[in-house]
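The opening position of the sequence shown corresponds to residue 1 in the UniProt record's numbering, with each subsequent residue numbered one higher. We put the beta carbon where it would ideally sit given N, CA and C, even for glycine.
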Amino acid sequence: MTTQGQNGQQYLRTNTIIFYALMTGMTLFTIVVALTRNSEQPINNENLLVFISILAVIVLAAFFIRFQWLPNRLSTIAGYSTLIEKLTNYSKTLIIQWAPIEASCMFSSVAYLITGSMLFMGYNIGIIALFLLIFRPSKERLIQDLYLDSTEIELLDDPNAIVAEFKGRR
């Protein structure tokens, strides 16, 4: 494993690629499930309450991460001394924030496949739209989330400055 540096543009592009990969996965899985489910199959309401309860637990976990854990984590990251430390940890934090949202969408798709309840398909469409509108990574959000000062912002804009590191295989 080698450690590779990234400049600000590469770092932001990496986060954007990860975000859109998650978006694409959620969207394609939802579409495949919608096309796979035979509309002539009867709706199975036996386990509907169980699926709704499990989905509610996943959604509560996502809310906890978003509104409890995330602000504390961002505050901790903002206190790191170097921009490399901040940005490396920020990427990990974004993925942790996005994971339960994607999990709820995937679970909801499976619940739709099993039950045929349009409630789950509606949830997926709403989550995908919400995810796209609210959670998309951007330079402005990064600056705001980590309270970057002007020096750090200049480093982020400098194409020759290494602002993040990741471990990869080459």
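Where residue i sits in the DSSP three-state scheme
i	result
THR2	strand
GLY122	helix
ASP158	coil
LEU133	helix
TYR20	helix
ASN38	coil
ILE43	coil
SER150	helix
SER109	helix
GLY116	coil
SER104	helix
Candidates the options: closest to residue i by CA position
i	options	result
residue 174	THR30, LEU83, ARG66, ARG37	Nothing about residue 174 can be reported from this structure: the residues present for the chain run from 1 to 170 only.
LEU49	SER117, ASP145, GLN144	SER117
LYS142	THR115, ALA78, GLU40, SER39	The displayed chain sequence assigns Leu, not Lys, to residue 142. The option with the nearest alpha carbon to LEU142 is ALA78.
VAL163	GLU85, VAL59, THR76	GLU85
THR115	ASN15, ASN38, GLN4	ASN38
GLU165	ASN44, LYS92, THR24	LYS92
GLN68	GLU152, SER150, ALA129, GLN97	GLN97
LEU155	ASN45, LEU55, GLY8, THR27	GLY8
PRO42	LEU70, LYS167, LEU113	LEU113
THR3	SER150, THR88, SER104	THR88
THR149	LEU70, SER81, ASN47, THR24	Thr is not the amino acid found at residue 149; the sequence shown has Asp there. Among LEU70, SER81, ASN47, THR24, the Cα nearest to that of ASP149 belongs to SER81.
PRO71	GLN6, LEU94, ASN45	LEU94
ILE52	VAL110, LYS167, GLY5	VAL110
VAL59	GLY126, THR151, LEU22, LYS167	GLY126
THR14	ALA56, LEU74, LEU55, ARG136	ARG136
ALA62	ASN45, ALA99, ILE54	ALA99
In DSSP terms, what residue i is bridged to
i	result
LYS167	THR3
Whole-angstrom C-beta distance between residue j and residue i, which should lie under 8 Å
i	j	result
LEU108	ASN124	According to the sequence shown, residue 108 is Ser rather than Leu. Rounded, the Cβ-Cβ distance is 5 Å, consistent with contact.
PHE131	ILE101	6 Å
ALA34	MET121	6 Å
THR30	ILE134	Going by Cβ atoms, the distance from THR30 to ILE134 rounds to 18 Å, so no, they are not a contact pair.
Ignoring anything shorter than 4 residues or poking outside the stretch 54-97, list the alpha helix (DSSP H) runs there in chain order.
Within the stretch 54-97, the complete alpha helix (DSSP H) runs of at least 4 residues are 70-78.
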